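Q: Counting from 1, position 175 in the sequence shown corresponds to residue 175 in the UniProt record's numbering; the numbering is continuous, with no gaps. Backbone N, C-alpha and C fix where the C-beta goes; we use that ideal spot for every residue, glycine too. Please read all numbers here as calculations on a predicted model, not as lab measurements.
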Amino acid sequence: MNVPPSSAPPIPPTTFQTPNGANSASPKDLRDFLKSLNDDNPPLVLDKPLWLRLLASLLEQVFGCFPYFKPTMLGTTNERIELTDVTLDVFSRVGKRADSLDWLYADEEHLSKKVFVHLLGLCTSTESWLEVADEGDSGGASNTLYSKACGTLVEFLQLLSFSSVPGGDSSDLQRGVLQDILYEATNLCTSESTS
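1) Between Arg31 and the rest of its own chain, which residues show a CB-CB distance below 7 Å, the 5 nearest in sequence each way excluded?
2) Using a threshold of 9 Å, state whether the C-beta atoms of Gly64 and Thr152 are closer than that.
3) Give the single residue among His110, Leu188, Val177 whose Cα lies nearest to the Cα of Ala56.
4) Reducing DSSP to helix, strand and coil, say where residue 268 ends up.
5) In this structure, does DSSP put Leu54 in helix, strand or coil?
6) Rounded to whole angstroms, what is the Cα-Cα separation between Thr186 and Glu155?
7) Using 10 angstroms around the beta-carbon of Thr72, count the other beta-carbons present and answer buried if the total reaches 16, otherwise exposed.
8) From Leu58, Arg53, Pro49, Lys48, pick the residue whose C-alpha is nearest to that of Pro27; which is it?
9) Within 10 Å of its beta-carbon, does Gly136 have 16 or more other beta-carbons around it, so buried, or fewer, so exposed?
10) Quick one: measure Cβ to Cβ for Thr144 and Phe66, integer angstroms, because I've assumed they're closer than 8 Å.
11) Note down the Cα distance separating Leu157 from Asp40, rounded to an integer number of angstroms.
12) What three-state label does DSSP hand Lys28 in the structure shown?
13) Helix, strand or coil for Val154? Go by DSSP, reduced to three states.
14) What are the start and end residues of the alpha helix (DSSP H) that includes Val115?
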């Protein structure tokens with residue numbers, strides 16, 4: 001897949017625009033699109049609104065819908081597991097780009113917090129899939145998804161804490177987001193322990 005001259009990622013399948021419409025892309029089309037992003041590694045420097053829309057859509061439509069494990073689901077969610085795995089690769093790749101955090105998340109406090117919340121939620125729901133191995137099934141990708149989700153969350157938090165921009169403006173914002181996350185998590189834990 002060739003990168004368009006504008007350095008923009010390719011237009012995502014219609015799944016993002018019409019989730020239940022007649023022209024919706026299949027999960028396989030979405031998976032293939034995400035794999036092409038990983039394979040082609042398009043630059044992030046241009047078309048920031050398109051990248052922001054893509055990441056926000058993935059947070060909602062993939063991470064936000066990942067189910068907690070129930071024995072009746074065994075063998076019926078392979079597409080969802082594979083799609084989530086590929087989506088984690090996209091977030092990890094975006095995070096590892098030297099310019100991505102400072103460029104993509106700069107002045108995007110809401111998106112940074114949304115990434116944290118959805119990745120944390122994904123870690124929680126994928127942890128329930130660890131039961132698959134406990135019940136004697138090999139589990140395959142569903143078992144590695146938990147460690148991959150946790151690893152992606154840790155990478156994201158490290159990027160927030162170690163980011164630096166000449167002039168310091170967006171770096172200060174990102175550290176502020178990290179402090180807000182820590183403050184809210186501490187308050188939640190404190191209120192739960194006193195209840």
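A: This is what the structure holds:
1) The residue given as residue 31 occupies position 31 in the sequence shown. Counting only Cβ-Cβ distances below 7 Å, and skipping sequence neighbours, we find Glu82, Leu83, Val86.
2) Locating residue 64 in the sequence shown gives position 64, where the first residue counts as 1. Locating residue 152 in the sequence shown gives position 152, where the first residue counts as 1. Against a cut-off of 9 Å, the Cβ pair of Thr152 and Gly64 comes out as no contact.
3) Numbered from its first residue, the sequence shown carries residue 56 at position 56. The shortest C-alpha separation from Ala56 is found at His110.
4) Past the edges of the chain, shown from 1 to 195, lies residue 268, and the structure says nothing about it.
5) Taking the first residue of the sequence shown as 1, we reach residue 54 at position 54. Looking at Leu54 - three-state DSSP - the assignment turns out to be helix.
6) Walking along the sequence shown from the start, residue 186 turns up at place 186. Walking along the sequence shown from the start, residue 155 turns up at place 155. Roughly 20 Å separates the two Cα atoms.
7) Against the sequence shown, residue 72 aligns to sequence position 72. Exposed.
8) One-based indexing of the sequence shown puts residue 27 at position 27. Of Leu58, Arg53, Pro49, Lys48, the residue nearest in Cα terms is Leu58.
9) Along the sequence shown, read from residue 1 onward, the residue named residue 136 stands at position 136. Low per-residue confidence applies at Gly136: pLDDT is 48, beneath 50, and the placement is therefore not dependable, though the value from the model is reported in the following sentence. Exposed, by the Cβ-count rule.
10) Along the sequence shown, read from residue 1 onward, the residue named residue 144 stands at position 144. Along the sequence shown, read from residue 1 onward, the residue named residue 66 stands at position 66. That belief does not hold up - the Cβ atoms of Thr144 and Phe66 are roughly 14 Å apart, past 8 Å.
11) Taking the sequence shown and counting its residues from 1, the one referred to as residue 157 is at position 157. Taking the sequence shown and counting its residues from 1, the one referred to as residue 40 is at position 40. One C-alpha to the other measures close to 25 Å.
12) The residue given as residue 28 occupies position 28 in the sequence shown. Of the three classes helix, strand and coil, the one that applies to Lys28 here is helix, per DSSP.
13) Sequence index remark: in the sequence shown, residue 154 carries index 154 (1-based). In the structure shown, Val154 sits in a helix (DSSP, three-state: H, G or I).
14) Reading the sequence shown from its first residue, position 115 is the one you call residue 115. Taken as a continuous stretch (DSSP letters only), the alpha helix (DSSP H) holding Val115 covers 109-127.
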